[in-house]
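Residue numbers (my numbering): 52 to 247. Ideal placement from N, C-alpha and C gives every residue a C-beta, glycine not left out. Okay, so here's the structure we're looking at.
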């Protein structure tokens, strides 16, 4: 397929900040986690979410636009390394190593605290995120697209031998989407201010 054709088709949707309902559905393949003593709890399963290819193309384009605007408006902290293209583990480790070694040279003791936010994509409030984007001055079409992208989503949960049935969800960002990690980074940008 010609890339220009795809971009021409998507341009009109993007200019209105619209994410089609047909692109908001996904299949969630439910797999047993190996070695569990019992499968009576949801934590005994792992879900792999499969999106439509066309939707992933659109989300990749929007991820690039969101990243650019988020950097310009200060929604991404300069110390943020994860979930951003062009940065690696070394970009996170080098400043940390420097921050540790500098006080050690003066014979001071150093401690480091690491936080792991569990279920980060599942627990994001779409409304408050869109309000944050709007307040920081992102283009109205980006805010509208984000709101459209995050709302009205549904997923087929596919168990072995079960029929397909849609289950709507209204909280969080879709796991596996190219734009979800960036939207989470934007959502927690205040943590960098409150916890330098």
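Segment limits, alpha helix (DSSP H) that includes residue i
i           : result
residue 189 : Counting along the chain, residue 189 falls outside any alpha helix (DSSP H), and DSSP gives it neither H nor E.
residue 124 : 104-124
residue 231 : 231-238
CB of residue i within 9 Å of CB of residue j, strictly
i           : j           : result
residue 68  : residue 193 : yes
residue 189 : residue 117 : yes
residue 126 : residue 187 : yes
residue 79  : residue 101 : yes
Per-residue burial, residue i [other beta carbons within 10 Å of its own, 16 or more giving buried]
i           : result
residue 113 : buried
residue 163 : exposed
residue 178 : exposed
residue 92  : exposed
residue 140 : exposed
Chain-order list of residues whose beta-carbon lies under 7 Å from that of residue i (same chain, five-residue window excluded)
i           : result
residue 103 : 74
residue 161 : 151, 154, 155
residue 111 : 229
residue 138 : 132
residue 172 : 223, 224, 226, 231, 235
Cutoff 8 Å; reference residue i; Cβ partners in own chain excluding five residues on either side
i           : result
residue 96  : 81, 82, 83, 84, 90
residue 195 : 67, 68, 69
residue 184 : 126, 193, 194, 197, 237
Neighbourhood of residue i by C-beta distance below 6 Å, restricted to the same chain and skipping five residues each side
i           : result
residue 99  : 80
residue 238 : 175, 180
Range covered by the beta strand (DSSP E) that runs through residue i
i           : result
residue 205 : 204-209
Please give the ranges of any alpha helix (DSSP H) in the stretch 126-172, keeping only runs that are unbroken, at least 4 residues long and fully inside the region. 140-156
Give, in chain order, every unbroken run of the beta strand (DSSP E) that is at least 3 residues long and sits entirely within the stretch 74-101. 76-83, 96-101
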